[in-house]
Amino acid sequence: MTLVLTEPLAQQSPRKLSVLNTLSGVWLAVVGIAALTPGLISGVDPEVLHPERVLLPPGEGGLLGTDQYGRGVYDLLIHGARTAVTIGVAATALAVLVGGLIGLLAGYSGGLIDAVVGRCLDLMLSLPGVLLALVITAAAGASVGVLIISVATVFVAGFARLMRSQVLATRDRLYVEAARSVGLSHLRILTRHVLPNAFAPVVVLATIAVGEAILVAASLSFLGLGPKLAVPDWGQLLASGQPYIQQSWWVSTFPGIALSLTVVAVSLLGDRLRDQIDG
Amino acid sequence: MPIRRRLGIIAFPAAAALAVLSGCSAQSSGSAAEATPAPGGSLTYAVSTAFGSFDPNVTASVVDARVLRQVYDSLVDLDAEGTVQPWLASAWEVSDDGLTYTFTLREDVTFQDGTAFDAEAVCYNFDRITDPATKSLYAVSLIGPYDSCSAKDPATAVVTLKNAYTPFLTNLSTPFLGMVSPTAAEASGLADFGSNPVGSGPFRFASYRPNSDVVLERNPGYNWAPESAEHQGEAYLEQLTFQIIADATVRLGSLRNGDVQAADDVPAQQVSTVKQDSSLSYLEQTQSGATYQLFFNTERPGLDDPAVRSALVKAMDLDSAVKATYFGAYQRAAAPLAPGTIGYDESVSSGLSYNAQAAADELTAAGWIPGADGVREKDGQRLELTYMGPSPNYDNRQELAEFLVQNLKDVGVGVDLELLPSAQAFAMMEANTFDIATTSFVAVDPDILSTLYSSGSIFNFSRTKAFDEDLNQAQTLPAGAEREALYAQIQAEAISGAYSVPVYQLVYRVATSTAVRDIGFDPAAYPKFHDTYLAQ
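Heads up: the protein sequence lines correspond to chains A and B, in order. Each step along the first sequence adds one to the number in the working numbering, with nothing skipped, and position 59 is 59. Each step along the second sequence adds one to the number in the working numbering, with nothing skipped, and position 440 is 440.
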């Protein structure tokens, strides 16, 4: 007899493969490839400036034109994907890890610990997320590492809350009590019985959070708190093209489109994941 | 003689305000048809930056000076050739030792509050500037070694200096030494005079809403414009409003939709669009003073060797960088002084040219050999420089810096571009941890070079002590060929010794609706609205 007792998985609905979902998948695949091996789709070093070819329109200046440094906007987008994906995924992972752990402990132990942690989370949630990230980045200095940490901070409380509520919902279930009654350790109960049931909603939230994290990171970068010029970045590109937008619309427009598409695609993916899990 | 420290130039690292000389007359690209000046109408002039104070004796801001010039008249006027001309002072005499200035004053001038302008008023102004309680940021440095002033009779003021100081007379032409009404200044007190200015200029103050606008109205009975003015008598415009619109896009948008009739600080990238727009006129005026330069800190490792500095100058493709950054709106600068400034000499930089290969060879010859990662090393010291740039971006100077940084990296020099807000920039200046810094100044007298190269100045980014003696001497030499030659020599040595390299010339750029005519500019590019009128 196995001691792994779980609720029956929700009945999965037939897959709704809409055109939108397919397009989202294709776009995310492109972004993923660009992030992993930018050299594959753009052979140009985006760090090299070309004073002789600044602000050339699409066509004359390559597929998507050039920016005020003479760099191809296409190449910058491809190479900037890595920054976006890295920060989006790493910040979310960090938030899931830290937030999940906090929620798990608070929910499982209950009592005073839960009350204190709960109020602290309320406090964090009462602060506007972007502002929080802004303060941290401004104080710690802009770099990819700091960006990841500050963006993760924005999402920690959300994940902790979610995890805590999932744990509260399962910790008094019969199968958990059964596990407790046979004398399993807290660690084993948590990892084998409580966590697996709390996992699904967290995965859904994490998927959506990746999109939001990319957006928050881009916002910080737009405000000048992103990586330096040498590291291509969508948010920074969006900002640096702004003074030129009346003459050279392409510098800001394409990064804006790339950013929007990515965030929308990730959201759609999250939506679909939720549909699948919820049935 | 001690070198005067020129602190308090608050507009750093943007163009700060100092003194000058001649300037080219403004060029207009508008094909405006001839019109006859007619009195009346109101003009709204959009400016990019908020105002600080309208007390000329206190402020140091270039932006404030654009309003000050309308409200206050100066003792003397500086014409486009850089010659000092009469204004409120109809004549003057300088003693042979350069210590005593005797001004003969116009007797028909009254301040906007009815107070008579006389020798007592002139002396009041100088004493007010030098009174420590006034906390003058800039005017006090313009009058240098001022000692005392006495009113011999109502029309004769005698100013005594502690030592000869030739820039004194030229500096008197700036708005920062415009004459304030003693009655009004006393009545308002120091705290309030800055928002209730009273001078003798063609426009008088009407109202001020901080961060929004300042409204001036025609000064009735004004009849003491300098010779350089197109007409005598009252200003044509009935009302003149300076409206603050920080965003360049909004500023030009407001001009195009008619909310304002003129907008300044046209971004370089918009100049060609504005020039092509038949509904707009475009005006530009080179600002006298010091051009935008890049300075090498000679107290830093590596840069203490003139051969290294000289190689770095050769490594930078300044022509391409200026062209790529400003799209032809700015010209490459040929000298530390701007054209139109006394002592300007374009030949001082004749030996400079871009040659990356020669730069690399010279660095190698100086003992700096590329290491494993391409960055040059000598005796275990890496050639890594900190380039201090402005933040927020001003005048596209960040873009310019990025191009130059790439040039330097190409020859094996590591560069860390630090874009710093002014408080942090000042901290880095104090700590002396920067290698490359840049600045420019608006000024009327070539003595601005003291700010750039004398060891007592905080803006002496090259930290050189080589020019103290020459700069001191040039301050005391009487105006003329000998003084100009000395300034040319100082500039030539600053460039040949690679203490600094001139990058671009500052140009004040204004777009107006085609109905706006005859906005004048003084050599420092402060606008003058006395002759301005609206064509019907």
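We put the CB at the ideal spot given by N, CA and C, even for glycine.
Taken in chain order, the whole alpha helix (DSSP H) runs of length 4 or more contained in the segment 23 to 93 of chain B are 62 to 71. Rounded to whole angstroms, the Cβ separation of residue 503(B) and residue 322(B) is 7 Å, and the two are in contact under 8 Å. Those residues of the segment 378 to 404 of chain B placed with their C-beta closer than 7 Å to a C-beta in chain A are 399, 402 and 403, ordered along the chain. According to the DSSP assignment, residue 38(A) belongs to the alpha helix (DSSP H) that extends over 38 to 41. Neighbours of residue 249(B) in chain A, taken as residues at a C-beta separation under 7 Å, are given in chain order as 246.
For residue 504(B), the secondary structure class from DSSP, reduced to helix, strand or coil, is strand.
Taken in chain order, the members of the segment 254 to 281 of chain B whose beta-carbon sits within less than 9 Å of a beta-carbon on chain A are 267, 269, 270, 272 and 273.
Taking all protein chains in view, the Cβ of residue 152(B) is surrounded by fewer than 16 other Cβ atoms within 10 Å, so the residue is classified as exposed. Apart from sequence neighbours up to five positions away, the residues of its chain that approach residue 75(A) with a beta-carbon distance below 7 Å are 42, 44 and 46, ordered along the chain.
Closer than 8 Å at the C-beta level to chain B, one finds no residue of the segment 97 to 108 of chain A. The alpha helix (DSSP H) runs of length 4 or more contained entirely in the segment 413 to 496 of chain B are, from start to end of the chain, 422 to 431, 448 to 453, 468 to 476 and 481 to 496. In chain order, 324 make up the part of chain B whose C-beta sits under 7 Å from the C-beta of residue 54(A). In this structure, DSSP gives residue 59(A) an extended state, which the three-state scheme calls strand. In the structure shown, residue 156(B) adopts extended strand secondary structure according to DSSP, grouped into three states. Taking C-alpha positions only, residue 460(B) is separated from residue 255(A) by approximately 41 Å. In terms of Cβ geometry, residue 212(B) and residue 117(B) do not form a close pair [threshold 9 Å].
Residue 526(B) is a Cβ neighbour of residue 65(B), given a cutoff of 9 Å. Neighbourhood of residue 225(A) in chain B, by CB distance below 7 Å: empty, with the nearest CB roughly 11 Å away. At least 9 Å separates the CB of residue 74(A) from every CB of chain B. Counting other Cβ atoms within 10 Å of its Cβ, residue 394(B) stays below 16 and is therefore classed as exposed. Per DSSP, reduced to three states, the secondary structure at residue 107(B) is coil, with no helix or strand assignment. For the pair residue 495(B) and residue 314(B), the Cα-to-Cα distance works out to about 12 Å.
Between the alpha carbons of residue 104(A) and residue 18(A) lies a gap of roughly 36 Å.
In chain order, 366 place their CB closer than 8 Å to the CB of residue 305(B), counting only its own chain and leaving out the 5 sequence neighbours on each side. In this structure, DSSP gives residue 203(B) an extended state, which the three-state scheme calls strand. With respect to residue 528(B), residue 70(B) sits close: the two C-beta atoms are nearer than 9 Å. Here the segment 77 to 85 of chain A does not lie against the segment 103 to 118 of chain A, with fewer than 3 beta-carbon pairs under 8 Å apart. Residue 207(A) and residue 274(A) have their C-alpha atoms spaced approximately 10 Å apart. Pairing residue 166(B) with residue 523(B) gives a Cβ-Cβ distance that is not under 9 Å. Look at the segment 304 to 324 of chain B: the residues with a C-beta under 8 Å from a C-beta of chain A are 317, 320, 321, 323 and 324. DSSP places residue 189(B) inside the alpha helix (DSSP H), whose first and last residues are 182 to 193. Under the three-state reduction of DSSP, residue 509(B) is assigned to strand.
Under the Cβ distance rule, residue 48(A) counts among the residues neighbouring chain B, one pair being separated by less than 9 Å. With contacts defined by Cβ atoms closer than 9 Å, residue 424(B) and residue 164(B) do not form a contacting pair. Judged by pairs of C-beta atoms under 8 Å, the segment 232 to 252 of chain A touches the segment 52 to 72 of chain A, as three or more such pairs exist. Separation of residue 233(B) and residue 106(B) (C-alpha to C-alpha, rounded to the nearest whole angstrom) is 15 Å.
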